[in-house]
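Down below is the structure, laid out as structure tokens.
In this note's numbering, the protein residues as written are 77 to 935.
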């Protein structure tokens, strides 16, 4: 820093030698076969549940799951799992309703784990909605050719210059808005002939078929890239792709990919309602008779009178079936899902008809039984056998004989049916049943000429409604193809909704994943194949982009159902697969231990020896330690011969016998499972490292999570195996099962003990990581001093922790670096900095000897 003006200057300077942090020694890597999970991708897991989530439960083709279980059960903090089996993945073709291929879904990983997985596709229109501006007529008016003010109950967002439609119960006319006032809209009709508007009629904005722009007075959730479904009041649908969306207060201004379809914002159309029930499913088509309704028969949909025109049914799995006389059809010929069903169909009212068992005896009794009967209307009572008919007309509001008149058979007869009689004057009222409450402003179509507006609705109970009308029309002779049932019509707004789709994943019959609001257009924020929408989020599937040559996005090309294309298959791993797995571990620096429990599944001893050799060579090359499983062998001589033949390395240790645990494989019927010990032993290594340190021999430590040993070893049997570096797990009365050996698989006495090799590995890795700063520093005495100080500080920490032998530091370690000590001038010219480090590792007390003798009294 240059100091040029007076002031206070703050500088940071090195405070001392660069510290060296101890490398981790308690993380394990495991290679082998798993039920599912990423292939040849080292994946870090931090607990048993984490492993099950990513790689599935235990299975019968290997021991990776049991080994990971044992590792965490014994205190392991984290494990890297490398799945190596070359299994093949399941896939599904996602098809539209035509049924052309839309895209392909693939299982996230190979294997038969997907055998119980099914995918479901369902339309999703819940992500947004909008409508064109509309206003309700307040005062009756006749609109002729001249401009005219129309009184309205609020202008509803209609603006000057808007193209509108004038909608009555009998006709529609187009107009243009000249101005908008406070409670009035001034329009000029643009189509021929007059139109009479009455209170309750509508003025609604219509789309401009010469423009790609649509302004929705109230809209939410619509995005660029959406397929916009435009559904008029009668259920007719058209669709267009949204290119852009701009918010303007509560309004949304949409730009479509093409000119807008010509639709009115309001149509006088049949009112639709939702009817709920259940079906047994199992076939691609079903009829109304296959549905068990939640409602009484009097108000459920019928197939006559066009009630099911544009009807749609939503099944239990979300799939949508459309009605094509005489059945509902599921897209693509898929079977209808059993369970709940929701049918959107036109609404009908049923003139009150009900079964009774009534012997009234008087007019008053009838009026009391049907207290909701309006004045001026009648109820007809009939009986089948013997045939009897009587009609009671209410003339007063009470329930006495004076409040009515009777005709026909005497009321002393018993009657089994009652039916409301449509009046000659509609304003007297009508009694009906209806699945949902009719509302004031709805119309009942008694005939083509008698479409009457409801002015009041009363509900005496249940699904019975008394409807009032202003009209005095004679409706007594009204008939319908579906006798006694009449259509409900209303001023229905045209709906604008984004058509997306939902993907569901079911495993073994249980719903496990749901992804809603997926879109086909890559421009959409919820584009189905974009990362972190489904891909990378789902534990079950990844979705490919749309198939080449897929049709343009439209109502018919939206995904409709999933068809299995290929089943996942489990395949056995070869030694070449394990070799590739070891290669992937080369770029994963954290693991300090490596196990391969599936080596014991290889029937060919030569292949088993080759695999163990690959693992050990990897550990020697990357400063790791191999925990090797011996064969499940009860012949001690054969076990020792196997070690001598197949294993000789200071970077590996062999353990026996195999262990017995409670079965964790959900597909197995066995209570206990025999597993190789390596995962459990690695967990003990990790626990010892954390509780004592890597310098402590991982022996005389309890093995947790087991219920027994395959072999019961005695000291005599161990006398043969221990000198040959076969580390045993033995059961001791009152002390449980413990690791009772700590030797490397070598005859080199310098590197005899497991903790010595692992201590050197830790120190070497720590120094390697902690001295990276030295590279390209000046190769001078100042740098050498800093190197020596860093190493001595680190080794002193190890000595004080008990990792190194010696009563004082100079007995425990030595660090030498410098010209004339470790380097020549030639070495320096070549860019070499050579540091010699010698340490005295603490070695375990393997043989504890107490020597006893007689003591004389005089001694």
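The beta-carbon is built from N, C-alpha and C at its ideal position, and this holds for glycine as well.
Three-state class that DSSP yields for residue i in the structure shown
| i | result |
| --- | --- |
| residue 897 | coil |
| residue 539 | coil |
| residue 521 | strand |
| residue 265 | strand |
| residue 593 | strand |
| residue 917 | strand |
| residue 172 | strand |
| residue 681 | helix |
| residue 837 | helix |
| residue 188 | helix |
| residue 779 | coil |
| residue 504 | helix |
| residue 182 | strand |
| residue 619 | strand |
| residue 908 | coil |
| residue 495 | strand |
According to DSSP, residues forming a beta bridge with residue i
| i | result |
| --- | --- |
| residue 353 | 369, 417 |
| residue 849 | In DSSP, residue 849 forms no bridge with anything. |
| residue 196 | 580 |
| residue 240 | 251, 281 |
| residue 156 | 105, 120 |
| residue 803 | 731 |
| residue 567 | 344 |
| residue 889 | 915 |
| residue 870 | Partner(s): none; residue 870 has no beta bridge. |
| residue 736 | 750, 784 |
| residue 306 | 314, 572 |
| residue 510 | 425 |
| residue 459 | 464 |
| residue 640 | 168 |
| residue 627 | Its beta-bridge partners do not exist; DSSP assigns none. |
Extent of the continuous alpha helix (DSSP H) to which residue i belongs
| i | result |
| --- | --- |
| residue 672 | It is not in any alpha helix (DSSP H) - residue 672 carries neither H nor E in the DSSP assignment. |
| residue 660 | 651 to 661 |
| residue 602 | Run containing residue 602: none; DSSP gives neither H nor E here. |
| residue 1011 | In the structure as shown, the chain begins at 77 and stops at 935. Residue 1011 is therefore absent and cannot be evaluated. |
| residue 480 | Taken as a continuous stretch (DSSP letters only), residue 480 belongs to no alpha helix (DSSP H), being part of the beta strand (DSSP E) at 480 to 484. |
| residue 792 | 791 to 797 |
Run of the beta strand (DSSP E) containing residue i, from where it starts to where it stops
| i | result |
| --- | --- |
| residue 272 | 271 to 273 |
| residue 228 | Unbroken run through residue 228: none, as it is neither H nor E. |
| residue 551 | That residue, residue 551, is in no beta strand (DSSP E); it is neither H nor E in DSSP. |
| residue 767 | Careful: residue 767 lies outside any beta strand (DSSP E), inside the alpha helix (DSSP H) at 754 to 767. |
| residue 149 | Segment 140 to 149 is the alpha helix (DSSP H) holding residue 149; no beta strand (DSSP E) there. |
| residue 403 | 403 to 405 |
| residue 814 | 812 to 815 |
| residue 210 | 210 to 212 |
| residue 712 | First-last for residue 712: 712 to 722, but that is the alpha helix (DSSP H), not the beta strand (DSSP E). |
Distance CB(residue i)-CB(residue j) smaller than 8 Å
| i | j | result |
| --- | --- | --- |
| residue 878 | residue 771 | yes |
| residue 204 | residue 297 | yes |
| residue 833 | residue 820 | yes |
| residue 449 | residue 470 | yes |
| residue 422 | residue 348 | yes |
| residue 887 | residue 916 | yes |
| residue 362 | residue 335 | no |
| residue 124 | residue 139 | no |
| residue 936 | residue 529 | Missing from the structure shown is residue 936; the chain here goes from 77 to 935 and no further. |
| residue 842 | residue 97 | yes |
| residue 176 | residue 673 | no |
| residue 610 | residue 617 | yes |
| residue 207 | residue 292 | yes |
| residue 116 | residue 158 | yes |
Contact belief for residue i with residue j at Cβ below 8 Å, rounded distance in angstroms
| i | j | result |
| --- | --- | --- |
| residue 582 | residue 588 | 7 Å |
| residue 737 | residue 726 | The Cβ separation is near 30 Å, so there is no contact. |
| residue 755 | residue 106 | 7 Å |
| residue 631 | residue 322 | Not quite, the Cβ-Cβ distance comes to about 25 Å (not below 8 Å), so this is no contact. |
| residue 442 | residue 487 | 7 Å |
| residue 179 | residue 245 | About 46 Å; that fails the 8 Å criterion. |
| residue 241 | residue 256 | Between residue 256 and residue 241 the Cβ distance is about 16 Å, and since that is not below 8 Å, they are no contact. |
| residue 600 | residue 233 | About 27 Å; that fails the 8 Å criterion. |
Chain B contact for residue i (CB, 8 Å cutoff)
| i | result |
| --- | --- |
| residue 244 | You won't find chain B in this structure, because it holds only one protein chain. |
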